[in-house]
Structures are given as structure tokens and as C-alpha cells.
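Input: a single structure, listed below in C-alpha cells.
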Amino acid sequence: MANHSLANSRVAARTAPPRQRSSAYVLVVDDDPGIRELLSLVLLDEGYEVLTAANGAAALEWVAQRPPHLILLDLNMPVMDGWEFAAAYRQTPPPLAPIIVLTAGSNAAVSASHIDAAGFVAKPFDVADVLTVVSRYTVGS
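If you read the sequence shown in this note's numbering, its first letter stands for residue 25, the second for the next number, and so on.
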């Protein structure tokens, strides 16, 4: 299956019928503004509430204000990377949301296991794969 582009996702978001609303809140943490925008558009179109952060420090501020149901986390970011974020996040009071690692490279599974993530999606990713993972970890939220 081909990777979805931001332009294609914008068109799909404008033309797709409204989806059933979910009460799940997803935090997208990635330093790439295009990835944040793409995932926001797609997840919003699927009925999720979405907040984004460009680095781990900004993400920690969001989770302190409103604990998410799921975190989509890039590992390689400036200011505070995904490993530092995960370590700090694990020190916050429960309940803790599952973390899904979004990362490039052949060692995505190893990187995910190092931070005790619930799973991973390798970059470049197919939006359908991300939606499958998000749905799996937000059922009943």
C-alpha cells in the first residue's frame, strides 16, 4: 500500500463523510511539522481529539494539563528526544497512556522495547497502519 501524502490526506479529510466521534485523545509528538499536520488531519477525520507537540518537553507540558489516551512518539527530536520524554513520562502519576513509537530505521522494534513502548510504526509509514494501531490502543477510551 502506498504512503499517503499530506495533500491527498487534506483532500480526503474534506471529502470524507463524517465519522462516529471517539472520546479518545491522542498526543502526537514529532519534530516534523508535516507529520504532525498529516496525523492531526487523519486522526481528527477519524473522530479522535488530537494535540501535537514538536518535542518531548512540550509533550510533558500537555500531559500535565490533560493526560492522553495514547501517545504517538518520534524518538529523534531536538530539545528533548523520545527516550528522555518516555523516561520522564514514566515518572508521572498513573494512569499512563500507551506509547507507540514512530521512527525511521531498521531497529524500530528494538527502540520501542527500550522505552517500554506498546508498539511501533516504522517511518515512512502508511496512514492505514497508524490508524490500525491507534484504533487497537484506544478501544473503549
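No residue lacks a Cβ here, since even glycine has one placed at the ideal position from N, Cα and C. Predicted model only: the values in this text are computed from it and were never measured.
From what residue to what residue does the beta strand (DSSP E) around residue i run?
i	result
Y49	Y49 to V53
L99	Careful: L99 lies outside any beta strand (DSSP E) and carries neither H nor E.
T127	I123 to A128
Which class does residue i belong to by DSSP, given the choice of helix, strand or coil?
i	result
A88	helix
I59	helix
T156	helix
D150	coil
V145	strand
D168	Nothing can be reported for residue 168, as the shown portion of the chain is limited to 25 through 165.
T116	coil
Hey, does residue i have any beta-carbon neighbour from chain C nearer than 8 Å?
i	result
L67	Going by chain labels, chain C is absent from the structure shown, which holds only one protein chain.
Would you mind reading off the limits of the alpha helix (DSSP H) that contains residue i?
i	result
E108	G106 to Y113
A77	Element bounds for A77: not the alpha helix (DSSP H) but the beta strand (DSSP E), E73 to A77.
Given that a residue counts as buried once 16 or more other Cβ atoms are within 10 Å of its Cβ, and exposed if not, what is residue i?
i	result
E85	exposed
H93	buried
Q115	exposed
T156	exposed
D140	exposed
V103	exposed
Touching by the beta-carbon criterion (3+ pairs, under 8 Å), the region 104-120 and the region 147-164
no
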